[in-house]
Structures are given as structure tokens and as C-alpha cells.
Amino acid sequence: MIEAVVEGVGLHSGQPARVIVRARPGPVTLRVGGLEARIDELTVGSTARATTVEARGRARDGARAGPFRVGTVEHAFAALAGLGIYEGLGMDVEGPELPLLDGGASAWCAVIDGLGVMASAPRTRVARREVLTIGPSRYEFCTGEGVRLEVRLELAGFDERVVAPEAHWDGDASDFRARIAPARTFALGRDVDELAARGLARHVDPTSVVVLTPDGALSAGRPFEPDEPARHKLLDLVGDLYLYGGPPVGHVRAVRPGHAANALAMRRARDEGIVVSD
44 MIEAVVEGVG
54 LHSGQPARVI
64 VRARPGPVTL
74 RVGGLEARID
84 ELTVGSTARA
94 TTVEARGRAR
104 DGARAGPFRV
114 GTVEHAFAAL
124 AGLGIYEGLG
134 MDVEGPELPL
144 LDGGASAWCA
154 VIDGLGVMAS
164 APRTRVARRE
174 VLTIGPSRYE
184 FCTGEGVRLE
194 VRLELAGFDE
204 RVVAPEAHWD
214 GDASDFRARI
224 APARTFALGR
234 DVDELAARGL
244 ARHVDPTSVV
254 VLTPDGALSA
264 GRPFEPDEPA
274 RHKLLDLVGD
284 LYLYGGPPVG
294 HVRAVRPGHA
304 ANALAMRRAR
314 DEGIVVSD
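Here's what the structure looks like:
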């Protein structure tokens, strides 16, 4: 069995996190506290600044079952979705959330690539044209022959020369690795003091996070690019769609996306037959 160990610190808890990623037969699974569930058995337990999933898992020997919960899964799930990995991999998690690593999905892509797991075709498709409004967010679904995702940010007070509002991805794994996966998580400057006061984002490597202000972006490490926040929102969308078997074949455009709205939109899309499984 081929495996890799990923270690780091959680973005919100500040606690150590360790993940063993293994190439193994069968559908992609998540294992926490010795209990295991397939990705399609996970449900969204929280969307407060990240996506937290939960499930009633099973021990591999069938001796016991029970609930488990783990947070900040969206970057790892984005890597799986962006590379088209729906079979042949398991993730064993130690800790309350997955580690932040590079703030995007590049580190996860490198680990998955190293396991040699074969990609497979998308599992879902857009069946009909529809627009769903979730609070201030809007999701436009159209049929199509390939995967096409678009996002648009609407950040009040930010010049488009500082933060470019749009990003897209056409479903190509190489393009995901090169352009979408490196996009780092970001925070608004006005929220930083509140996050610190609440004890969030402790022990974060400054190279993994971008802080946005109306005057510009504050970042360490590689230079900031104006469309990086939009690309990261697209990365988050890709990860959230993975929980619902996606990204789907077809065209999905999300205006003002966020973890909570992504989850609600996809639940509605599945329930109303807008997105269906193949």
C-alpha cells in the first residue's frame, strides 16, 4: 500500500493535525478516530469560515460505529476534485481539522500525485438550466459538454485593480494544479482583529494567507496577484462541490459564493433535479 503523511496546524483551532493519505481500492473515504465513511456519506455539519463534515462512520472490522466530525476539508477536497480522484484513495485524519499547509491546494495535489491514483470522469452533470438565489448569492446552472466553473466576488470598497472579481476553470487537471491550487486563503483587513480576539487563525504561517485592504494586499512569500482571491473562492467552490459528486459536467456560475451558500445551493440543485448523477 502506497501512503504519504501530511502534518501541519489547523487554521481555526491552531492544533496539530496529521493526515495519512493512502492509495487503496474502492471509493474515496475519510477516516477519523478509527471510524470510516465514504465521501458520499458525509454531510455538512458547519460552514462557519470553513466546511466541516460529519458522518456516522464504521470501523473497518465492523466491530463498532458512531459519529465523527472534522473541519476545514475544502482544500483537500478541492485537490481531489480538481485532479478527478473519486476512487482509489483513503484519508486517515488525526485532529479536529485538516491542516492549512500552503493555504491553497497545491500541497494536497502534490501528495495525491505522488500516490499514482488514476483519475476518473466526473460523476454528475447539470441536467437543465436554472438560477438559484441563496440570500445574497446567486448560482447559475447551464448544461454543457464539459466542466466550466466561474465565480464572481463582490467586495464593497475594493477597486478591481486591487482585487479582480472573476475567475474560471474549465475542468483541466493540469490547469487546476498550475493556476487554481496555488491560490491562498484570504481575510479582509477589517476582520483580522476580530479573528485574533476570538482566537481564530492562530499559529498561521504568514506565507499561506493574504490580507486584503482597500489600499492593497498584504502577503508574504510569493507576490500577490489581483485575481488570487477569486481563484481561491473558486478553489473553495470546487472543494464544496466534491461533497455532492462534482464538479458537474456543465456550466456553473457562482456570484458571491461562500461555504454556506455553496452547500445550500447544491442541496437544492440535487433535490430539484438540476444536477443529477450519471
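Numbering (the working numbering), first residue to last: 44 to 321. Ideal Cβ positions, reconstructed from N, Cα and C, are used throughout, including at glycine.
Hey, residue i and residue j: beta-carbon distance below 8 Å or not?
{"i": "Ala230", "j": "Thr250", "result": "no"}
{"i": "Glu140", "j": "Gly114", "result": "yes"}
{"i": "Val87", "j": "Ala308", "result": "no"}
{"i": "Pro142", "j": "Ala60", "result": "yes"}
{"i": "Ala226", "j": "Glu271", "result": "yes"}
{"i": "Ala273", "j": "Val194", "result": "yes"}
{"i": "Leu85", "j": "Val96", "result": "yes"}
{"i": "Leu158", "j": "Val71", "result": "no"}
{"i": "Pro269", "j": "Val169", "result": "no"}
{"i": "Arg172", "j": "Thr186", "result": "yes"}
Using a Cβ-Cβ cut-off of 6 Å (strictly less than) and excluding sequence neighbours within five positions of residue i, which residues of its own chain qualify?
{"i": "Phe120", "result": "Gly282 and Tyr285"}
{"i": "Ala150", "result": "Leu144"}
The alpha helix (DSSP H) with residue i in it runs from where to where?
{"i": "Glu130", "result": "Segment Glu130 to Glu137 is the beta strand (DSSP E) holding Glu130; no alpha helix (DSSP H) there."}
{"i": "Phe267", "result": "Where Phe267 is concerned, there is no enclosing alpha helix (DSSP H), given that its DSSP letter is neither H nor E."}
{"i": "Phe201", "result": "Phe201 -> no alpha helix (DSSP H), and no H or E assigned at all."}
{"i": "Ser149", "result": "Ser149 to Leu158"}
So who's on the other strand from residue i, going by DSSP bridges?
{"i": "Gly51", "result": "Ala60"}
{"i": "Phe219", "result": "According to DSSP, which records beta bridges pairwise, Phe219 is partnered with nothing at all."}
{"i": "Thr95", "result": "Ser89"}
Which residues in the same chain as residue i place their Cβ atom closer than 7 Å to its Cβ, once the five residues preceding and following it in sequence are excluded?
{"i": "Gly301", "result": "Ser180"}
{"i": "Leu198", "result": "Val206"}
DSSP state of residue i, grouped into three classes?
{"i": "Tyr287", "result": "coil"}
{"i": "Arg311", "result": "helix"}
{"i": "Arg195", "result": "strand"}
{"i": "Ser251", "result": "helix"}
I'd like the span of the beta strand (DSSP E) that includes residue i, first residue to last.
{"i": "Ile82", "result": "First-last for Ile82: undefined, no H or E at that position."}
{"i": "Glu117", "result": "Element bounds for Glu117: not the beta strand (DSSP E) but the alpha helix (DSSP H), Glu117 to Leu126."}
{"i": "Thr72", "result": "Thr72 to Val75"}
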